[in-house]
Each structure stands twice: as C-alpha cells, then as structure tokens.
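Position in the sequence shown (first residue = 1) + 1449 = this note's numbering.
Idealized CB from N, CA, C, for every residue including glycine.
Structure first, then comments.
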Amino acid sequence: FALDNNYNIIDSVIQSFPLNPGRISAPPLIYDSSKVILGMDNGKIYERKLNGQPSGYADSVAGGIRLFSKYNSSKYIYSKGSTADLRFLSSGNLFGSGSSDSVNINSTSPFKLTVNGIMNNLNYPFSKINSLLTLADINKDTKQEVLFATDNGIFSVNSNGVILDNFPASANKEIYSGIAVGDINNDGIFDVIFVTKDGDLYAIGTDGKILNGFPLKTGIAYSTPSLANLNDTLGIVIMGIDGYLYAYKTNVLYDESRILWKNILRDKYLSNNNYKSVSSPVTYKEKLPSERAYNWPNPVYGSSTFIRYFINGSAGSVSIKILNLAGELVKNLQGSAFSNSDNEVIWDVSNVQSGVYYGVIEATVDGNKETRIIKIAVVK
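See below:
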C-alpha cells in the first residue's frame, strides 16, 4: 500500500507469488520507485519490480530471511536463520565518510561485533540484546557508532567493539524499544531517544545527561520513537500497545541535518543503513593522550575493570603492566592496537587484594614508544 500525507491509500497492488513463496518474514526494503525486496520464512527473496521489469525471485537460501539493509544503490545485504538465532545487521560508513561497511551482531552470548567479516568480542555486562541496531556518528568523528538496547541499558560501540564514553546509558528499567538519534534541543550534543518497558520516554545526551523535561510518561510501548516534522517543529511520535499514538512537540524547529536515525529502520524506505557523517572530530596533540587513558569503573568493586586508552596515530604493539605500590609486577596484559581509535583491555581483579595499583600503558605509535600511567583502586 502507498499512503499520502493524510494517510489515505493512494495505491495498492495485489501480488500473488508463484511456487510456494512462504510467508513474509522480514521488513520490506524499498528502492525508491524501482523495486520492493521481500524476504520469506522459507529463505526466498522476492523482488517486486515497479519500473516495468519482470518481478521474480532473486535468491533462495537456507533459513528464513529476517532483515535487509541497503548496502548501496544496487546491492543489499540480509540476515537469515531462526528467530532464536537472529543476527542484527545494518550498513554504513563505520571507518569514515568514504567507506561502505556491513555490520552485524549475533543475538546470543557470546556476543560478537562483525564488521566487514572481521569479528571483535563484546566483553560488556549484558546478557541479552533487545533491539535492532542503530548506526549514528554520535561523537562527530566521521565514523558511525553502533547503538543497541540490552538488558543493562543502551550501548554504543565503535567499529572495533569498544564502548564510547558515557555508555551504557541506563534508565534503570527494561528497554525493548529501538533507538532514535538526533540533537533534539539544539545544544550541539546528539541525544539517544528510547522508551522503557513501562512507557517512559527518555532522551539522554551523549554526554550522559538526561535532557530537561524527560522522562515523559507515555502508554506502554515497545515501538522505536520516531522523530517527525510536525508543522516545522521537531516532534517525537510513539505507538503504544494500547492502540494510541503518542506525539510530543519539542520547542525547536525541525532540522533534518540534526537527525541521524529517524525511526526503527531509519527512513521511509526502511533502508536500515546510515551513510550520514558529522565532521567535527576532536584532535589531540599527544600520541597517547593523557586525558584518554583511564580505567572504568574506578574504584573497582566488582571482579573486573576496563583499562582504556586512545592511540592517536598508526598503532604498533601495546602492553600494559599492573604494578603494586611497591613497584612489584602483578600482571602483564596484552593490549589491543586499533589506530586512531579508543582501545580497551579487561583486567580480572577477582584474585587481587584491595589496594591501589598502577597501570603502565606502553604503546608504539608512529614508530615511537609512548607511556602513560594510571592509578587503579580495588575495593573488596
């Protein structure tokens, strides 16, 4: 069906599929006015052509089709399998404004982020993913981050699977909605917008702060908030499971450039991709910036902590020595070495006594050895 702006049906087609098509099992993917891609639960992919060319099956694979993503103007990617083995996927420019990258995360533990076929572990404290993926360049470094809702809040990771500062964002309630992203108060900081299980609408800035006026109480909703143009004013629209549509106006004008992910599959074509970058990267003078070297949580009350550092340049080897206050070696850790990116290493402190420790980060950057020392407090 096609609808006009007043939600009147203006076009419809009754399409019969030949040869045991199965049932539609994935959101359709629309290529402007040329074709609609339909995925079936028996693994068939049907292309309904809208430009006069013959329609027909484009592929047939084992397992039901679950999700599509528009990779470029002529190609699309898809995930398949049972609902229990769903792979959340999308595509965008995860490595910079000129790249085209596919990304997916498996739906069961152990969780792995796969970008262009390269896997990285997601070693973070969650046991379930509750939403589809949202891609958005929320830190304005020209590279898309991957956002998703879990049973422990909203996570945002870079292409290497490293979590961003101020995440996970938590409402201390279960979150089953997807995530919309935009600067909804014109403060220059992008906001993640989502709904909790009991109907609270949240907007949290990427600085970790809940926006003034939020949360808002809506009906119980699992739907992803949609950022909408309500008579030139930015609005937020949610469908509740009570059958009501909840719409809220902000006090700012609608500006498409401030919206990175509008609704559940991003746009009216259900493209499930994002190639929109924001070019305002932070620059550092140091090769191993001191302000980007720390651990979290700190103090450490649990069984582990994440040692974090940013490599500003071409990365070589990275090692981390854990020393006690007497300078004695407690642990050697091998660090990841992602260039021009945040990196993280887990230190398991379950067999470590309470006290203060030094983390000595040694990295080769652009051929030179760089060192940073951080203090880590362990409390048991």
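Identify which residue in 1809, 1596 and 1652 has its Cα closest to the Cα of residue 1664.
For residue 1664, the closest alpha carbon among the candidates 1809, 1596 and 1652 is that of 1652.
Closest to residue 1693 by CA distance: which of 1648, 1683 and 1471 is it?
Among 1648, 1683 and 1471, the Cα nearest to that of residue 1693 is on 1648.
What separation, rounded to the nearest whole angstrom, lies between the Cα atoms of residue 1768 and residue 1650?
Answer to the nearest angstrom: the Cα atoms are 43 Å apart.
With respect to the beta strand (DSSP E) encompassing residue 1529, which residues constitute its N-terminal and C-terminal limits?
Segment 1525-1529, the beta strand (DSSP E) holding residue 1529.
Have a look at 1505, 1807 and 1811 and flag the residue whose alpha-carbon is nearest the alpha-carbon of residue 1825.
Closest option to residue 1825, Cα to Cα, is 1807.
Please state if the CB of residue 1471 and the CB of residue 1489 are separated by a distance shorter than 7 Å.
A distance below 7 Å separates the beta carbons of residue 1489 and residue 1471.
Let me confirm a value: residue 1599 is counted as buried when at least 16 other C-beta atoms fall within 10 Å, else exposed. Which label applies?
Buried.
Return the chain-ordered list of same chain residues with a C-beta closer than 8 Å to the C-beta of residue 1778, the five sequence neighbours on each side being excluded.
Closer than 8 Å at Cβ, skipping near neighbours: 1770, 1771 and 1772.
Bridge partners - residue 1783, DSSP secondary structure assignment:
Paired residue(s): 1768.
Take the Cβ of residue 1709 as the centre, count every other Cβ of all protein chains shown within 10 Å, and call the residue buried at 16 or more, exposed below.
In the assembly as shown, residue 1709 is a buried residue. Its beta-carbon has 16 or more other beta-carbons within 10 Å.
Whole angstroms are fine: how far does the CA of residue 1601 sit from the CA of residue 1574?
If you take the alpha carbons of residue 1574 and residue 1601, they lie about 7 Å apart.
Among residues of its own chain, excluding the 5 on either side of residue 1699, which ones have a beta-carbon nearer than 8 Å to its beta-carbon?
If you ignore the 5 residues before and after residue 1699, its C-beta comes within less than 8 Å of the C-beta of 1633, 1634, 1682, 1683, 1684 and 1685, all in its own chain and listed in chain order.
Every unbroken beta strand (DSSP E) inside the region 1708-1735 [3 residues or more]
Counting only runs of 3 or more, we get 1708-1710.
Mapping DSSP to helix, strand and coil, what is residue 1675?
Here residue 1675 sits in strand by DSSP.
CA-CA distance, residue 1661 and residue 1586?
Approximately 23 Å between the Cα atoms of the pair.
Cβ pair residue 1676, residue 1629 closer than 7 Å:
Result yes, Cβ atoms of residue 1676 and residue 1629 sit closer than 7 Å.
Pick from 1477, 1670, 1721 and 1508: whose alpha carbon is nearest that of residue 1696?
Nearest C-alpha to residue 1696: 1670.
Output the boundary residues of the beta strand (DSSP E) element that contains residue 1663.
Per DSSP, residue 1663 belongs to no beta strand (DSSP E) and is neither H nor E.
Taking DSSP's pairing of strands, which residues face residue 1805 in a bridge?
Answer is 1826.
Just grab the DSSP bridge partners of residue 1561 for me.
Residue 1561 has 1570 as its beta-bridge partners, per DSSP.
Contact set for residue 1707: own chain, Cβ-Cβ below 6 Å, skip 5 residues either direction
Correct list, in chain order: 1631 and 1632.
Mind checking whether residue 1543 and residue 1593 have CB atoms under 7 Å apart?
The Cβ atoms of residue 1543 and residue 1593 lie closer than 7 Å to each other.
Can you tell me which of 1479, 1607 and 1637 puts its alpha carbon nearest to the alpha carbon of residue 1701?
Considering only alpha carbons, the answer is 1637.
Tell me residue 1536's beta-bridge partners as DSSP assigns them.
DSSP lists 1555 as partners of residue 1536.
Helix, strand or coil at residue 1705 [DSSP, three-state]
In the structure shown, residue 1705 sits in a helix (DSSP, three-state: H, G or I).
Endpoints, the beta strand (DSSP E) within which residue 1583 is located:
Looking at the DSSP string, the run of the beta strand (DSSP E) that includes residue 1583 is 1583-1585.
Are the CB atoms of residue 1606 and residue 1595 nearer to each other than 7 Å?
Yes, the pair counts as a contact, with Cβ atoms nearer than the cut-off.
Taking the C-alpha atoms as reference points, what is the distance between residue 1524 and residue 1518?
Rounded to whole angstroms, residue 1524 to residue 1518 spans 9 Å at the Cα level.
Can residue 1780 and residue 1803 be called in contact, C-beta distance under 7 Å?
The answer is no: Cβ separation not under 7 Å.
Would residue 1782 and residue 1794 qualify as a contact pair, given that the criterion is a beta-carbon distance under 7 Å?
In this structure, residue 1794 lies closer than 7 Å to residue 1782 by Cβ.
Within a Cβ cutoff of 8 Å, which residues of the same chain sit near residue 1667, ignoring the five residues on either side of it in sequence?
Hits under 8 Å: 1644, 1648, 1649, 1650, 1687, 1689 and 1695.
Which two residues bound the contiguous beta strand (DSSP E) that contains residue 1480?
From DSSP, the beta strand (DSSP E) with residue 1480 extends over 1478-1480.
Please tell me whether residue 1604 and residue 1580 are closer than 7 Å, where the distance is taken between their beta carbons.
No.
When you compare each of 1480, 1492 and 1509 to residue 1499 by their alpha carbons, which one comes out closest?
Nearest C-alpha to residue 1499 among 1480, 1492 and 1509: 1480.
Based on the DSSP output, what are the partners of residue 1690 in its beta bridges?
Looking at the DSSP output, residue 1690 shares a beta bridge with no other residue.
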